[in-house]
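The sequence shown maps to residues 1 to 183 in my numbering.
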Amino acid sequence: MISRIALLFLVFQYSSAFSQVSDSEMERLKINWRVELRSEAHELALKLPKAEGKSDFSDSIQRMFMEDTFVVESLLRKQLEKESTTLGINKANLACASEYEQLVDKYFTILSSKMEVEDRDLLGTWQKDWKSMMEKERTLIGKFMQEEYSGGGSIQSIEYTHRLMDQQKHHLLLLINYLTHLI
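Below, the structure written as structure tokens:
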């Protein structure tokens with residue numbers, strides 16, 4: 001997953017200004033932020049009242065999802081505040097897309113474990129097809145980000161990396177919807 005994102009970085013990095021924050025410095029910051037944000041998210045989740053009409057399982061999924069997405073979206077916000085160049089925005093979008101992709105895998109595994117054995121193949125095929133489509137989307141977006149298609153403008157790269165992030169988030173939301181409606 002990360003290698004595909006690294007490939008996209010290389011496609012537009014040559015035409016973008018160099019980031020003011022080094023990658024290693026940003027990673028150190030994100031480690032520290034993640035610890036703080038995870039603690040803050042957990043405290044917020046504990047304060048939430050139990051969702052009316054929801055099973056204990058659905059409630060626990062919603063709380064876990066709230067914690068996970070609070071961390072991911074807060075990391076994105078902090079990363080954008082720290083580095084707001086075109087390259088920084090693209091890196092933040094792709095890092096967030098990668099975080100969402102990890103959450104997709106996490107919640108897919110939970111959903112799969114809740115399904116009847118004979119139905120898991122259908123879910124697995126659905127997930128495999130989605131991942132295949134996303135791989136093709138990444139490749140296509142990499143092409144569209146090249147100068148002969150985008151004209152070398154930086155806004156296109158931001159729009160494309162944001163699109164990848166949104167697609168990952170949308171798929172995650174589908175999984176959460178399925179999970180929270182299980183009886």
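Glycine included, C-beta positions come from ideal geometry on N, C-alpha and C.
Shorter than 7 Å from the beta carbon of residue i to some beta carbon of chain C?
{"i": "Leu37", "result": "Among the chains in the structure shown there is no chain C, since it carries only a single protein chain."}
DSSP three-state label for residue i, please.
{"i": "Thr85", "result": "coil"}
{"i": "Val117", "result": "helix"}
{"i": "Lys91", "result": "helix"}
{"i": "Ser22", "result": "coil"}
{"i": "Glu52", "result": "coil"}
{"i": "Gly124", "result": "helix"}
{"i": "Leu175", "result": "helix"}
{"i": "Gly142", "result": "helix"}
{"i": "Leu37", "result": "helix"}
{"i": "His170", "result": "helix"}
{"i": "Leu182", "result": "coil"}
{"i": "Leu10", "result": "Low confidence applies here, because Leu10 scores a pLDDT of 49, under 50, leaving its location unreliable; read the following figure in that light. Reduced to three states, the DSSP call for Leu10 is helix."}
{"i": "Leu164", "result": "helix"}
Between the alpha carbons of residue i and residue j, how many angstroms are there, rounded?
{"i": "Ile31", "j": "Glu25", "result": "10 Å"}
{"i": "Phe12", "j": "Tyr149", "result": "Caution is warranted here: a pLDDT of 47 is assigned to Phe12, below 50, making its placement in the model unreliable, and the coordinate value is therefore given only provisionally. Rounded to the nearest angstrom, the two C-alpha atoms are 12 Å apart."}
{"i": "Lys54", "j": "Glu27", "result": "38 Å"}
{"i": "Ile158", "j": "Thr86", "result": "7 Å"}
{"i": "Gly142", "j": "Lys131", "result": "16 Å"}
{"i": "Trp33", "j": "Glu81", "result": "13 Å"}
{"i": "Glu135", "j": "Leu76", "result": "22 Å"}
{"i": "Ala45", "j": "Val35", "result": "16 Å"}
{"i": "Val104", "j": "Leu140", "result": "22 Å"}
{"i": "Phe166", "j": "Glu116", "result": "Here residue 166 is Asp; the residue named in the question, Phe, does not match the sequence. Roughly 30 Å separates the two Cα atoms."}
{"i": "Met133", "j": "Gln20", "result": "34 Å"}
{"i": "His162", "j": "Leu122", "result": "29 Å"}
{"i": "Ser22", "j": "Gln79", "result": "12 Å"}
{"i": "Glu118", "j": "Lys128", "result": "17 Å"}
{"i": "Lys47", "j": "Glu99", "result": "25 Å"}
Excluding sequence positions up to five away, which residues of its chain have a Cβ less than 8 Å from the Cβ of residue i?
{"i": "Phe144", "result": "Ser150, Gln156 and Tyr160"}
{"i": "His181", "result": "Ser58"}
{"i": "Ile120", "result": "The question names Ile, yet the displayed sequence has Arg at residue 120. Contacts found: Ser112."}
{"i": "Leu174", "result": "none"}
Which same chain residues, not among the five before or five after residue i, have their C-beta less than 7 Å away from its C-beta?
{"i": "Ala17", "result": "Because Ala17 carries a pLDDT of 45, less than 50, the predicted location of this residue cannot be relied on, and the following value inherits that uncertainty. The residues are Thr85, Thr86 and Leu87."}
{"i": "Leu29", "result": "Lys82"}
Keeping to the same chain, check which residues put their C-beta closer than 6 Å to that of residue i; ignore five residues upstream and five downstream.
{"i": "Phe65", "result": "Ile176"}
{"i": "Ile61", "result": "Leu179 and Thr180"}
{"i": "Lys50", "result": "Asp59"}
{"i": "Leu37", "result": "Val71 and Ser74"}
{"i": "Ala97", "result": "Leu164, Met165 and Gln168"}
{"i": "Leu172", "result": "Tyr100, Leu103 and Val104"}
Q. Would the segment 106 to 123 and the segment 73 to 90 be scored as touching if the rule is three or more Cβ pairs under 8 Å?
A. Judged by pairs of C-beta atoms under 8 Å, the segment 106 to 123 does not touch the segment 73 to 90, as fewer than three such pairs exist.
**Q.** the segment 39 to 50 contacting the segment 65 to 74, beta-carbon criterion three pairs below 8 Å
**A.** Contact between the segment 39 to 50 and the segment 65 to 74 is present, because at least three Cβ pairs lie under 8 Å.
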